[in-house]
């Protein structure tokens with residue numbers, strides 16, 4: 025029985041080594057690819073501008089809130105209790121409005137997320153489909169992306185398929 029287990033272990037080990045050697049691997053740098061695509065750069069620039077505009081819009085509201093609060097503090101001693109409460113409620117309502125707008129613009133599933141999906145996702149999908157085609161055509165089992173948090177201590181440039189993806193998308197590297 026012991027010989028059988030040792031033999032079985034040896035066969036399994038040999039099979040796994042031969043299987044691993046038959047697998048083909050490659051990698052791409054999606055940041056490199058995306059930065060070579062002019063429509064991606066244009067989409068990013070557009071998103072940056074939209075984001076900056078929305079941020080300014082929110083900052084204006086917060087500046088108004090600050091002005092309202094300072095005016096309230098200056099006039100507080102002259103106001104009746106009803107007027108104090110009314111002004112405090114106005115400030116609170118304006119703060120809520122600002123927070124709601126901030127959430128609407130920049131929150132999870134907010135306007136910026138939707139705009140990014142509209143502008144960038146189709147480009148990313150094209151890159152993914154090109155990578156998939158290269159993997160299928162080249163018989164690669166795995167294609168890694170070095171742009172993410174994947175740490176690759178050593179890479180041989182002959183396995184970098186980033187330029188092949190750009191060619192597949194119709195761009196010159």
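In my numbering, the protein residues as written are 25 to 197.
All residues carry an ideal CB built from backbone N, CA and C; glycine is no exception.
- Task: Say whether the stretch 45–56 touches the stretch 164–171, bearing in mind that this needs 3 or more beta-carbon pairs closer than 8 Å, one atom from each stretch.
- Result: yes
- Task: Identify every residue that forms a DSSP beta bridge with residue 166.
- Result: 49
- Query: Could you give the distance in angstroms between the alpha-carbon of residue 145 and the alpha-carbon of residue 187?
  - Reply: About 20 Å.
- Span of the alpha helix (DSSP H) around residue 82: 62–99
- Query: From the DSSP output, which residues share a beta bridge with residue 184?
  - Reply: 51
- Is the distance from the Cβ of residue 189 to the Cβ of residue 159 below 8 Å? In this structure, residue 159 does not lie closer than 8 Å to residue 189 by Cβ.
- Task: State buried or exposed for residue 58, treating a residue as buried only when at least 16 other CB atoms are found within 10 Å of its CB.
- Result: buried
- Message: Let me check understanding here. Comparing Cα to Cα, which of 117, 143, 150, 161 lies closest to residue 65?
- Response: 143
- Task: Find out if the Cβ-Cβ distance for the pair residue 85, residue 121 is shorter than 8 Å.
- Result: yes
- Secondary structure at residue 132, three-state DSSP: helix, strand or coil? DSSP places residue 132 in coil when its eight states are reduced to three.
- Inspect the beta-carbon positions of residue 78 and residue 140 and report whether they are closer than 8 Å. no
- Less than 8 Å between the CB atoms is what I'm expecting for residue 147 and residue 61, so what's the real figure, rounded? 6 Å
- Query: Would residue 108 pass as a contact of residue 100 if the rule is Cβ separation under 8 Å?
  - Reply: yes
- Taking the C-alpha atoms as reference points, what is the distance between residue 194 and residue 124? Separation of residue 194 and residue 124 (C-alpha to C-alpha, rounded to the nearest whole angstrom) is 43 Å.
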